[in-house]
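Chains as they are written, first to last, in full-length UniProt numbering: chain A, 1 to 333; chain U, 1 to 383. Don't be surprised by glycine CBs; every beta carbon is placed ideally from N, CA and C. Structure first, then comments.
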Ligand SMILES: Cc1cc2nc3c(=O)[nH]c(=O)nc-3n(C[C@H](O)[C@H](O)[C@H](O)COP(=O)(O)OP(=O)(O)OC[C@H]3O[C@@H](n4cnc5c(N)ncnc54)[C@H](O)[C@@H]3O)c2cc1C
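Next up, the structure:
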C-alpha cells in the first residue's frame, strides 16, 4: 500500500506543466479565440513532448505509459486550457483501440498524424470531428464521412459537430473519457482558484487588497477544500481503471462527480471574487469557466454519474464500511 | 502507486479483527460524557492496553508496537468495523503523546508515555479561557515561578471530560510582562492538586461532558513543563496540528457512519425524498474521499514528507461531512428523530451523533479559523 506517485511521474508532470506555462498562455488562448481556435503549432508541440504516443506501446512508436500518467497530464492540460484534441486522441482513443485489439493505427496516433474523435450516445455532439482523421463510433474506428454539421458551444475554444448517426454505448469509451474529463476539470478548478487568488492579491478596495477581507478569504478556502478532496478520488479512479478493477466504473463516476462539483464551485466563486471584471470577455477566467461548464455535462452529466454511484451504494453493488475502501483492489490482487 | 495491502498488512488486519471480535463489549457502553460511561470507557482502555493495542504506532519502549501509519489506518478500520467504544484516552494518545514525543525530555517520555499507552492516566486539555477561545494568545492564567515550582492561578474552560480525567495539560503565562504568543509555557498537572477546582458544565445533550477548571495558587514542579519556558505557543501549535491532522478523526469513523446511513436509508426508503437519497450517496462518496486523502497523506508522511497547514483542509472536511451525514439521518427519521430512545427501546444514536456533530466545526479550532489559515498560509492571501 503506497498511495503516492513515483518520482518519474512527478518529473513528467512537472515538465509538461512547465512547457504549458511557457507556451500555452492566456495570450495564446485569446489569439486562438480570434483565429479559428486550432493551431498546428500547438498540436505539434504536444506531439514533440511525446504526449500523442504516451499510451501507445513502445513497439508501436509510443512511450508505453499508463492511465495514471495520462490522468496526471490531463490535469495539466485542463490547467492550461489546451483545446487541441490530444486528450481524446491520445488518452482515450489510443488506450481504447489497444484494449479492443484494433492496433493498426496506433503508430499514426503516436506520430501525431492521426487525430481521433469520439462518438457516444451519452453526448449529443462529437468534439473536433471536423479536424479528425477518424472517429470511434459503434465499437470501431471509422472514417469521417460527410462534412459534419457544426454546433456552437459556449466554450469559444471547443469545436463541436452534431453526432448524427455516429455513437454507440461502449462502456470502456465512456469510462476512459469520463476519467479524462474529470482530470481536466480538476486542472481547471485549480487554475480558476489560482486566478481568483492572484486577482484578490492585486485588486484594492477600501485601501487594501480585497484578498485581505475575510469574506473573500473564506470563499477561496472553501474552494481549496473542495478541489483538494477531489484529487485523491481522481487518482484512485485512474488506478482502478488502469488495473481493470471490477468497481472501476463507480470510482470513475465518483471522480467525475467530485471534479464537476469542485470545478463549478471554483468557477462561481472565482467570478464572484473578480467582481464585474469576472463578468467580462476580457478577463482570463472566462476560458476556464466555460470549459468547466462544457466538461461538467460531457461524458455523463451529474445525474448520470450520481445514478451509477447510487446503484452501487444504495442498490448494494459495492461493499460499504471502514475496511472496504480498497476492497476491489484486494479482489484483484 | 500501489493500492493493494501486502500479505503482512492483511495478516495484521486479521489479527486486529480477531482480537476485536473477542474483546469488544457486546453491549454498548454508556456515554463517554458522563461519569459512569467514562469509567466504563477507561476500563476498555485498559483492556486494549492488555492486548498491547493502546497506541500501535508508538515505540515498543513506550507501550506501542512501532507500527507504521498504514497499519494504524488498518487498525482504525478494524476498530470501527468492530464498533469498539470511543477512546477515553484520545487527548493523551493522539495529542499530548505526540507532543511529548517531539518536545519532551527522555525523563518526561519515560514518565508520561508508558502510563498513557497503558490507559492508566486520562488527560484533559486546558487551553480555552473565558476570554481566550479562538484567540488563544489572549490566555491570562498565570504560572509564577517560585524556586523549582510554578504557582498557577486562573481559569480554564470547556475542558472536555475534565470532570473525570486525572491530569490536564495546557498553556499558562509564565512571563507576566509578556503579551500574546510570547511568555506562554506548556505545563502538565494532576487535576487533584491542592487548589484545583473542577466545575462540570452540562453540554447540549445534557451530560457534563466538559468543565471549567479553577486554579488557586496550585504548585506544580518545573519538570512538568514541556520544552523551554516561554516556548509554549509553538508546542501548542504542534499539538493543534496533531488534533486537526491525521490522528484525531480517522476516516474509519465516518465510513462507519456512512454505512449506517445507507442502512437507515434502506429502512426509510418508502418515504424518503430524492434529496435525502442524494445526500446518502454523497455521504458515501465524501467518506471515501476522506479515506483516500488520508491514505495519501499517510503514504507521504511515511516517505518522509509532512503536512502543515493542509491539516486545516482535513478538519473542515471531516467536521462538515459528519454534520451533514447526521443531518441527513435526522431528516430520514422524520417524526422519530426527536426521540432519545425509539419505541422499541433502542437508543437514538443519530440524535446523539447529530448533537455531537454540531460541535465539530467549533472545537479543534473553529472552521472559520481553519479557513483563515488556508487562505493565508496555503493560498498566500494577505493577513
Ligand atoms: C465539544 C467541545 C469540546 C471542547 N473541548 C475543549 C477542551 O477539551 N479543551 C479546551 O481548551 N477547549 C475545548 N473546547 C473549546 C474550543 O476550543 C473553543 O470553543 C474554540 O476554540 C472556539 O472558541 P470559543 O468557543 O470561545 O468561540 P469564539 O472564539 O468566541 O468564536 C465564536 C464564533 O466566532 C468566530 N470567530 C472567532 N474569531 C474569529 C476570527 N478571527 N475570524 C473569523 N471568525 C471568528 C468563530 O469561528 C465562532 O464561529 C471545546 C469546545 C467544544 C464545543
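Helix, strand or coil at residue i according to DSSP, with G and I counted as helix
i	result
residue 333(A)	Reliability of the predicted coordinates at residue 333(A) is poor, the pLDDT of 36 falling under 50, and the value obtained from them is presented with this limitation in mind. Three-state result, residue 333(A): coil.
residue 375(U)	helix
residue 335(A)	Residue 335(A) lies beyond the stretch modelled for chain A, which goes from 1 to 333, so this question has no answer here.
residue 6(U)	coil
residue 70(U)	helix
residue 135(A)	strand
residue 211(A)	helix
residue 164(U)	coil
residue 146(A)	coil
residue 1(A)	coil
residue 273(A)	helix
residue 44(U)	helix
residue 27(U)	coil
residue 110(A)	helix
residue 83(U)	coil
residue 116(A)	strand
residue 285(A)	helix
Residues bridged to residue i [DSSP beta-bridge criterion]
i	result
residue 149(U)	146(U), 221(U)
residue 125(U)	169(U)
residue 197(U)	214(U)
residue 16(A)	Bridge partners of residue 16(A): none, in fact.
residue 161(A)	126(A), 150(A)
residue 132(U)	129(U)
residue 188(U)	169(U)
residue 60(U)	Answer by DSSP bridge pairing: none, since residue 60(U) is not bridged.
residue 299(U)	Paired residue(s): none; residue 299(U) is not in a bridge.
residue 405(U)	Nothing in the structure corresponds to residue 405(U), since chain U is present only between 1 and 383.
residue 341(U)	347(U)
residue 226(U)	186(U)
Euclidean distance between Cα positions of residue i and residue j
i	j	result
residue 171(U)	residue 249(A)	51 Å
residue 116(U)	residue 186(U)	18 Å
residue 136(A)	residue 146(A)	15 Å
residue 45(U)	residue 375(U)	39 Å
residue 259(A)	residue 200(U)	46 Å
residue 231(A)	residue 257(U)	23 Å
residue 267(A)	residue 301(A)	17 Å
residue 193(A)	residue 271(A)	10 Å
residue 333(A)	residue 14(U)	Confidence at residue 333(A) is low in this model, with a pLDDT of 36, below 50, so the placement of that residue is unreliable and no value is reported for it.
residue 75(A)	residue 244(U)	28 Å
residue 6(U)	residue 290(U)	22 Å
residue 222(U)	residue 79(U)	38 Å
residue 92(A)	residue 285(A)	27 Å
residue 28(U)	residue 204(U)	21 Å
residue 208(U)	residue 129(U)	18 Å
residue 110(U)	residue 22(U)	31 Å
residue 350(U)	residue 240(A)	34 Å
residue 161(U)	residue 31(U)	11 Å
residue 250(U)	residue 227(A)	20 Å
residue 70(U)	residue 83(U)	20 Å
residue 120(A)	residue 233(A)	25 Å
residue 320(A)	residue 53(U)	25 Å
residue 16(U)	residue 75(U)	6 Å
Distance cut-off 7 Å: residue i Cβ against heavy atoms of ligand 3
i	result
residue 279(A)	With respect to ligand 3, the structure shown offers nothing to examine, as its ligands consist of ligand 1.
### Task
Output, in sequence order along the chain, the residues in the region 68-100 of chain A whose CB is closer than 9 Å to any CB in chain U.
68
### Query
What are the residues of the region 311-326 of chain A that lie near chain U, defined by any Cβ-Cβ distance shorter than 7 Å?
313, 314, 320, 321, 322, 323, 325, 326
### Query
Contact between the region 149-167 of chain A and the region 292-299 of chain A: three or more CB pairs below 8 Å?
Taking a cut-off of 8 Å on C-beta distances, the region 149-167 of chain A touches the region 292-299 of chain A, as three or more cross pairs fall below it.
### Message
Count Cβ pairs between the region 333-353 of chain U and the region 172-190 of chain A that sit closer than 8 Å; are there 3 or more?
### Response
no
### Task
Pull out every residue of the region 303-333 of chain U whose Cβ sits closer than 7 Å to any Cβ of chain A, in chain order.
Contact annotation: in the region 303-333 of chain U, residues whose CB is within less than 7 Å of a CB in chain A are 303, 313, 316, 317.
### Query
Name the residues in the region 207-230 of chain A whose C-beta lies less than 8 Å from a C-beta of chain U; which are they?
208, 209, 211, 212, 214, 216, 217, 218, 220, 221, 222, 224, 225, 228, 229, 230
### Contact residues within the region 275-298 of chain A, judged by C-beta distance below 9 Å to chain U
none
### Message
Does the contact criterion of 3 or more C-beta pairs under 8 Å hold for the region 212-230 of chain A versus the region 101-119 of chain A?
### Response
Contact between the region 212-230 of chain A and the region 101-119 of chain A is absent: fewer than three C-beta pairs spanning the two stretches fall below 8 Å.
### Task
Would you be able to state if there are at least three C-beta pairs under 8 Å between the region 272-287 of chain U and the region 301-315 of chain U?
Cβ pair count under 8 Å is below three, so no.
### Message
Taking 8 Å as the cut-off, does the region 79-94 of chain U touch the region 108-125 of chain U (at least 3 CB pairs, one atom from each stretch)?
### Response
Contact holds: three or more Cβ-Cβ distances are below 8 Å.
### Query
Okay, do the region 194-212 of chain A and the region 272-284 of chain A touch, 3+ Cβ pairs below 8 Å being the bar?
With the cut-off at 8 Å, the region 194-212 of chain A and the region 272-284 of chain A touch.
### Query
Taking Cβ-Cβ distances below 8 Å as the criterion, which residues of the region 175-207 of chain A are in contact with chain U?
193, 197, 200, 201
### Message
Give me the subset of the region 278-293 of chain U whose CB atoms are less than 8 Å from a CB atom of chain A, sorted by chain position.
### Response
278, 280, 281, 284, 285, 286, 288, 289, 290, 291, 292, 293
### Task
Please list the residues of the region 60-87 of chain U that have a C-beta atom closer than 7 Å to any C-beta atom in chain D, keeping them in chain order.
Absent from the structure: chain D. Protein chains present are A and U.
### Task
Using a Cβ-Cβ cut-off of less than 7 Å, give me the residues of the region 45-68 of chain A that come near chain U, in sequence order.
Cβ contacts with chain U come from 68.
### Query
When Cβ atoms are compared, which residues of the region 251-266 of chain A fall closer than 7 Å to chain U?
254, 257, 258
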